[in-house]
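Listed in order, the protein sequences are those of chains A and B.
Counting from 1, one number per residue, gives the positions in the first sequence under the working numbering.
Counting from 491, one number per residue, gives the positions in the second sequence under the working numbering.
Even glycine gets a Cβ: it sits at the ideal position worked out from N, Cα and C.
Inspection log for the structure reproduced underneath, given as structure tokens.
There are 2 protein chains.
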Amino acid sequence: MAKDFTSRSEDYSQWYNELVNKADLAEHSAVRGCMVIKPYGYAIWEKMQAELDRKFKATGHQNAYFPLFIPKSYLSKEADHVEGFAKECAVVTHYRLKNAEDGSGVIVDPDAKLEEELIIRPTSETIIWNTYKGWIQSYRDLPLLINQWANVVRWEMRTRLFLRTAEFLWQEGHTAHSTKEEAIAETEQMLDVYAEFAEKFMAMPVIKGVKTANERFAGALETYCIEALMQDGKALQAGTSHFLGQNFAKAFDVKFANKEGKQEYVWATSWGVSTRLMGALIMTHSDDEGLVLPPKLAPIQVVIVPIYKGEEQLALISEHANKIKSELETKGISVKYDDRDTHKPGFKFAEYEFKGVPVRIAMGPRDIENGTVEVARRDTKEKETLQQKDIANKIDHLLTNIQENLYQKAIDFREENTFKADSWVEFEEHLSKGGFISAHWDGTPETEDKIKELTKATIRCIPLNNKLEEGKCVLTGSPSKQRVIFAKAY
Amino acid sequence: MAKDFTSRSEDYSQWYNELVNKADLAEHSAVRGCMVIKPYGYAIWEKMQAELDRKFKATGHQNAYFPLFIPKSYLSKEADHVEGFAKECAVVTHYRLKNAEDGSGVIVDPDAKLEEELIIRPTSETIIWNTYKGWIQSYRDLPLLINQWANVVRWEMRTRLFLRTAEFLWQEGHTAHSTKEEAIAETEQMLDVYAEFAEKFMAMPVIKGVKTANERFAGALETYCIEALMQDGKALQAGTSHFLGQNFAKAFDVKFANKEGKQEYVWATSWGVSTRLMGALIMTHSDDEGLVLPPKLAPIQVVIVPIYKGEEQLALISEHANKIKSELETKGISVKYDDRDTHKPGFKFAEYEFKGVPVRIAMGPRDIENGTVEVARRDTKEKETLQQKDIANKIDHLLTNIQENLYQKAIDFREENTFKADSWVEFEEHLSKGGFISAHWDGTPETEDKIKELTKATIRCIPLNNKLEEGKCVLTGSPSKQRVIFAKAY
Ligand SMILES: [Zn+2]
Ligand SMILES: [Zn+2]
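Pasting the structure below:
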């Protein structure tokens, strides 16, 4: 399977595209910019969803569902929001088709034109805050802690599977609070939830920070984000959490009576992660042999492959294999026993390797004799022969070990690819190699724009709890009080 | 809470609308025909989803995701399908907005007109079979057993929450098979999955049957369905499973090489249930005091309400309540302990009654003294005082008992409201009272249409394994070999 597969050093972008296709994660659909998420890719997304959903509920949030359509006029109600989102949108203008009179097929019925066009949601702040107006009267109705799992559409001309598609899947949390402090605490809490998910489940280290004004979400007072570093030295924004102030409450006139009976505008947050995380996962761990998955997100954690000649051997091996399978399953490990007789073991090995199954167990007649199994781990490609006795505990530890190893490798990679730049020469030099660059910036949007223009690098974030340090802006030499993180980004 | 609440006998339809609103299940949105599913309603839908998803996976299906958009021309590829679905659709014609020159807001950019209009999926057979063409080459690729959880849009002018909305949530299974027999077996298997879910989880008895040609899904050779009877005597189609033959394979040219290497068209099924099930659930069990939920679908199965004066009493009660709560949770029962000091016990009782929480436990100072609790069940409104000892087992049994009781009540109701009609006079007489009517029909679409025209009753289904019996059509007197089920329907 790994033949005809471009290596990362040859062409990283080509490697990514081939991997997504050959590992059966996703493919382009016939509709420009829209992807089909294939069953194996969707199974990974489902594991992400399940854990995120658990974390949202553990922090007091409930799920709900709001309309796909947003009346066009709603987008204009919040001044910054309209600038950011009323651009590349899918616009519904009609609600009926009819048969063409010449029998050539169906055509749009011109009589069925909507009075007001509907936009397919690019994000749901407007429709949700319009709804919240009816739900919030008093401080007793607050906080309102709601999340939605949904599809959204942002028309994109240049798309890449998972990373940038016209339609994508995501969750969007939208909360309402009685005080500014509580809303900011929520924004920060959800950033922590995302960071913990990225690090503990995706085994992907992230930097927590805030965006500069230039890079803020349209309508937010502050955008918090987590930023990860991909293998090719480019940054990827993996999640954002926005403190929206009272902007949407004012735009949709959402007030509450406080304890003193006085009317106040409600404070808002929103936060989201999307199927883009699939791209981040791939570009953090995978290698020239295909996908590498952290055990906590692997749909199949362990595959057992029998090596046999004839049905008698298979029956004997299957007996032991099924026993091991059920021992592993008792520990909550997901196992596939692949006894297909249509494919040879070598083919199966290559297939599961390419699909990133963390642990492969092979069992042949000699293993049955000796009471052993051959265990191969996907991350390091190491193989060892283990006694079947107590195998479930051994595999359980191995999976934990793989999870930790992937995280540590990613941490090491990021450390090796994070540089301090104290002059423009250094900045450009490091940038040409890729990675995060920690550098002083004079704090002006003009300088930020200029650097982007010159190098395509953007400020990924101002890290939270950033160490204050006197310095000079790498571009202008003007004084600066802290370093920020620059990188080229997805 | 139940004051200002219309009773079922006063106005069933009004009762339904008020219930959906007051129990916080859903509400109309600002977008015509689209609903907002509120957190409590969505939590019930999530329980439905979880169990259905488990059943789909247990029968070998995997989830995937296909585009929201369908190119207009795709709808025309299958002749019957276009007749059925290329009608009331949401049509995307443009992909960009821009600022109006007069500063009045945003307008659709006329330069951003799509070459081919995109339809928001009303169902996904066309886009999915267009995709399957790339996935199926050989018999080894079959069967392909895929399900999608998604939103769909069918433009509706007269909408009712959950029962008929322009946008709704559903799952749609789409499977591909190498033989006709296997596809039919799949269609029947999924009907059984739906029926079991309806009966065991929703506590809603259903009749399994097939639709007449008139009522078939557009593009299907056979539509199987489950039909339930609502409290007002109207039928509700709760799920459908379609045998699609080779129609979509031919429309999208999807062939496979069989074991002999010969090219054949693939056989197809599709099957779905939607948020409409929420309406069915409500209209099967609920009463004049609000929602009634079967324990297996109740987001909160047990609520514990403390009855106290002062913080000292509360502290003592809370200690016991939390102990009971954790005992119940150990058994997998979902429990809410409502110790809010902002509301009186009576208010809480009314609220949980209205929201259909199956079991309410109340605990006062005397209960602490006596080691008792007061247990009230929502279905029969019975109350009893129980010893706290072994309370988790008692509640567990009670929940099972409530689940069974609701099912039995619904079975009894259906039996009392199913009538045989052997003449037109009898038919009209029974129909005026509502319910299922079992009657002979001459098998022609003309008679079926005529009966619908005269009475608004439709043939809900020809029951599976129907007893054959000589008879005469209730309308025409022509010979008939079996009875079919008529009813007015949602
Ligand atoms: Zn950042
Ligand atoms: Zn039926």
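Give the DSSP-derived three-state secondary structure of residue i in the structure shown.
{"i": "B:Thr-774", "result": "helix"}
{"i": "A:Asn-99", "result": "strand"}
{"i": "A:Ser-334", "result": "coil"}
{"i": "B:Gln-898", "result": "helix"}
{"i": "B:His-833", "result": "coil"}
{"i": "B:Ser-970", "result": "strand"}
{"i": "A:Arg-360", "result": "strand"}
{"i": "B:Gly-861", "result": "coil"}
{"i": "A:Asn-147", "result": "strand"}
{"i": "A:Gly-134", "result": "helix"}
{"i": "A:Phe-413", "result": "helix"}
{"i": "A:Tyr-74", "result": "helix"}
{"i": "A:Ile-307", "result": "coil"}
{"i": "B:Glu-500", "result": "coil"}
{"i": "B:Phe-738", "result": "helix"}
Just to make sure I have the definition right: I need the residues of chain B whose C-beta is within less than 7 angstroms of the C-beta of residue i. Which are they?
{"i": "A:Gly-105", "result": "Ser-563, Ser-566"}
{"i": "A:Ile-37", "result": "Ala-554, Tyr-555"}
{"i": "A:Thr-342", "result": "Arg-630"}
{"i": "A:Glu-382", "result": "Within 7 angstroms Cβ-Cβ: nothing; A:Glu-382 doesn't reach chain B, min ~31 angstroms."}
Please confirm whether residue i and residue j have their CB atoms less than 8 angstroms apart.
{"i": "B:Val-510", "j": "B:Ile-772", "result": "yes"}
{"i": "B:Cys-715", "j": "B:Gly-729", "result": "yes"}
{"i": "A:Thr-93", "j": "B:Val-598", "result": "yes"}
{"i": "A:Gly-209", "j": "A:Cys-34", "result": "no"}
{"i": "A:Ala-228", "j": "A:Met-190", "result": "no"}
{"i": "B:Ile-674", "j": "B:Pro-953", "result": "no"}
{"i": "A:Asn-130", "j": "A:Tyr-65", "result": "no"}
{"i": "B:Leu-726", "j": "B:Ala-979", "result": "yes"}
{"i": "A:Leu-536", "j": "A:Gly-60", "result": "Examination of residue 536 of chain A is not possible in this model, given that chain A is present from 1 through 490 alone."}
Given that residue i touches chain B, what residues does it touch there, using C-beta distances under 8 angstroms?
{"i": "A:Ala-43", "result": "Gln-552, Asn-553"}
{"i": "A:Arg-96", "result": "Lys-577, Glu-578, Cys-579, Val-581, Trp-645"}
{"i": "A:Phe-69", "result": "Val-521, Cys-524, Ala-580, Glu-657"}
Exposed or buried, residue i, counting other C-beta atoms within 10 Å across all chains shown (16 or more means buried)?
{"i": "A:Ser-269", "result": "According to the sequence shown, residue 269 of chain A is Thr rather than Ser. Result: buried."}
{"i": "B:Met-853", "result": "buried"}
{"i": "B:Val-865", "result": "buried"}
{"i": "B:Thr-875", "result": "exposed"}
{"i": "B:Ser-968", "result": "exposed"}
{"i": "A:His-81", "result": "buried"}
{"i": "B:Ser-928", "result": "buried"}
{"i": "B:Val-995", "result": "Nothing about residue 995 of chain B can be read from this structure; chain B reaches only from 491 to 980."}
{"i": "B:Leu-888", "result": "buried"}
{"i": "A:Arg-378", "result": "buried"}
{"i": "B:Phe-837", "result": "exposed"}
{"i": "A:Val-465", "result": "The amino acid at residue 465 of chain A is misidentified as Val; the sequence shows Asn. A:Asn-465 should be labelled exposed."}
Nearest CA to the CA of residue i: which residue from the options?
{"i": "A:Lys-211", "options": "A:Ile-459, A:Gln-482, A:Val-357", "result": "A:Ile-459"}
{"i": "B:His-732", "options": "B:Val-581, B:Leu-608, B:Ala-708", "result": "B:Ala-708"}
{"i": "B:Tyr-532", "options": "B:Ala-602, B:Glu-646, B:Phe-658", "result": "B:Phe-658"}
{"i": "B:Ile-881", "options": "B:Asp-869, B:Ile-794, B:His-833, B:Phe-903", "result": "B:Ile-794"}
{"i": "B:Ile-618", "options": "A:Pro-110, A:Glu-27, A:Gln-301", "result": "A:Glu-27"}
{"i": "A:Glu-186", "options": "A:Pro-365, A:Ala-489, A:Ala-421, A:Thr-175", "result": "A:Thr-175"}
{"i": "B:Lys-799", "options": "B:Arg-856, B:Gln-972, B:Ile-814, B:Lys-815", "result": "B:Arg-856"}
{"i": "B:Trp-660", "options": "B:Pro-848, B:His-930, B:Met-538, B:Ala-590", "result": "B:Met-538"}
{"i": "B:Ala-805", "options": "B:Ile-858, B:Pro-561, B:Lys-971", "result": "B:Ile-858"}
{"i": "A:Arg-96", "options": "B:Ala-656, B:Val-756, B:Lys-834", "result": "B:Ala-656"}
{"i": "B:Ser-668", "options": "B:Gly-595, B:Lys-978, B:Tyr-755", "result": "B:Tyr-755"}
{"i": "A:Asp-11", "options": "A:Glu-88, A:Ala-90, A:Lys-113, A:Asp-232", "result": "A:Asp-232"}
{"i": "A:Gly-471", "options": "A:Leu-406, A:Asp-412, A:Ser-423, A:Ile-317", "result": "A:Ser-423"}
{"i": "B:Glu-801", "options": "B:Asp-831, B:Val-792, B:Thr-966, B:Asn-812", "result": "B:Asp-831"}
Quick one: list the residues of chain A neighbouring residue i, beta-carbon separation under 9 angstroms, in chain order.
{"i": "B:Asn-620", "result": "Ser-29, Ala-30"}
For residue i, go through chain A and note every residue whose CB falls closer than 7 angstroms to its CB, in chain order.
{"i": "B:Glu-607", "result": "Val-108"}
{"i": "B:Val-572", "result": "Val-106"}
{"i": "B:Glu-859", "result": "What B:Glu-859 touches in chain A: nothing, since even the nearest Cβ is about 33 angstroms away."}
{"i": "B:Glu-536", "result": "Asn-63"}
* **Residues in the segment 140-165 of chain A having any Cβ partner in chain E nearer than 8 angstroms** => In the structure shown, chain E does not exist; the protein chains are A and B.
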